[in-house]
Amino acid sequence: MRIATYNVNGVNGHLPVLLRWLEETKPDIVCLQELKAPQEKFPEEAIAAAGYQAVWHGQKSWNGVAILSRGHVMTEAQPGLPGDPDDVHSRYIEATIEGMRICCLYLPNGNPFPGPKYDYKLSWIKRLMLRADELLTSGQQVLLIGDFNIIPEDIDVYKPERWVNDALFQPGVRDAFKALVAKGWTDALRTLNPGEVVYTFWDYFRDAYGRNAGLRIDHFLMSPSVAGKLKAAGVDKHVRGWEKSSDHAPVWVEVE
DNA sequence: ATGCCGTGGAAACCACGA
């Protein structure tokens, strides 16, 4: 089974690229982030015509997340990350597919650092870690998937020294990612590509993609029972080179 | 060293992204 994640940077603005990629790679499960569309403007019909059932949590202008399933029953969809009833951002949705709890997340960017946006990022991470603890102790098969807006290590950014003041590269958020791994979550891309440069995002300007000046910020974290079935992981890097592409590339894993 | 590009929504610019 192939599971993928893709920050689409506007699900309607980049719909042709999304549909082309779905047709080309036909993943079984897809997590989408940055829909940038209100609930009623999600392109449900086009996604259905491509063969996918969908659940989503939209928001006007910004954020927005979705889970797509191709030929596998999707149940118990639950939007929202617990822990703060005042948080109105659409950044999190869970659903169950084939016995796996799929958690699709779009973690706050947090820039500029320091500041209230970075504080929001830290508080959001705290809530995510509480939910992650719950899911891990439940013993079920769980995947935390999406745009974490965290650069885990120096190898995950083209020039680490340029990112030391950036919210994506602060010790505070990198330590949180490390803590999740230490608790038993497997970083699928890093585990299957040890010591290799693997990017998932390239800026639109300065020909970042052409220069391969990228970041690894889209991640799969797997609970032990799923990690044991992990067979492959990679990035559909060529999609970033398509006309009218998102600034992220799709990322995928294969599980038994 | 830097939103240099791009999206969405409102208003012919602004907020936001990483």
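Heads up: the first sequence at position 135 corresponds to 135 in the numbering used here, and the numbers run straight through without jumps.
Ideal placement from N, C-alpha and C gives every residue a C-beta, glycine not left out.
Computed from a predicted structure; not experimentally measured.
Please classify residue 207 as buried or exposed, where buried requires at least 16 other C-beta atoms within 10 Å of its C-beta.
exposed
At 3 residues or longer, what runs of the beta strand (DSSP E) sit wholly inside the segment 22-92?
If only complete runs of 3 or more residues are kept, the segment 22-92 shows the beta strand (DSSP E) at 29-33, 53-57, 65-69 and 74-79, in order along the chain.
Residue from 186, 28, 106 and 192 whose Cα sits closest to the Cα of residue 226
Across the set 186, 28, 106 and 192, the C-alpha of 186 shows the shortest separation from the C-alpha of residue 226.
Ordered list of beta strand (DSSP E) runs contained in the segment 141-193, each at least 3 residues
141-147
If the criterion is Cβ atoms closer than 8 Å, does the pair residue 37 and residue 55 meet it?
no
Reducing DSSP to helix, strand and coil, say where residue 136 ends up.
helix
Could you give the residue range of the beta strand (DSSP E) that holds residue 255?
251-255
Since residue 146 and residue 106 are thought to touch, with beta carbons under 8 Å apart, how far apart are those beta carbons, to the nearest angstrom?
About 6 Å separates the CB atoms of residue 146 and residue 106; that is less than 8 Å, so the two are in contact.
Cβ shell of residue 241 (< 7 Å), same chain only, five flanking positions each side left out
In chain order, 209 place their CB closer than 7 Å to the CB of residue 241, counting only its own chain and leaving out the 5 sequence neighbours on each side.
Just the Cα atoms here: how many angstroms apart are residue 231 and residue 173?
Cα-Cα distance, rounded: 28 Å.
When we look at the beta-carbon of residue 199 and count the other beta-carbons within 10 Å, is it buried (16 or more) or exposed?
Residue 199 is buried by the Cβ-count criterion.
6 Å Cβ shell around residue 127 - same chain, five flanking residues per side excluded:
81 and 83
Nearest to residue 143 (by Cα), restricted to the options 101, 238 and 22:
101
Can residue 27 and residue 3 be called in contact, C-beta distance under 8 Å?
Cβ atoms of residue 27 and residue 3: closer than 8 Å.
Assign residue 60 to one of two classes, buried (16 or more other C-beta atoms within 10 Å of its C-beta) or exposed (fewer than that).
exposed
Tell me which residue opens and which closes the beta strand (DSSP E) that residue 235 is part of.
230-235
What residue from 29, 24 and 229 has the CA that sits closest to residue 258's CA?
This structure gives no information on residue 258, because the portion of the chain shown stretches from 1 to 256.
Length of the line joining the Cα atoms of residue 20 and residue 163
33 Å
For residue 30, which residues of its own chain have a beta-carbon under 6 Å away from its beta-carbon, when the five flanking residues on both sides are left out?
4 and 68
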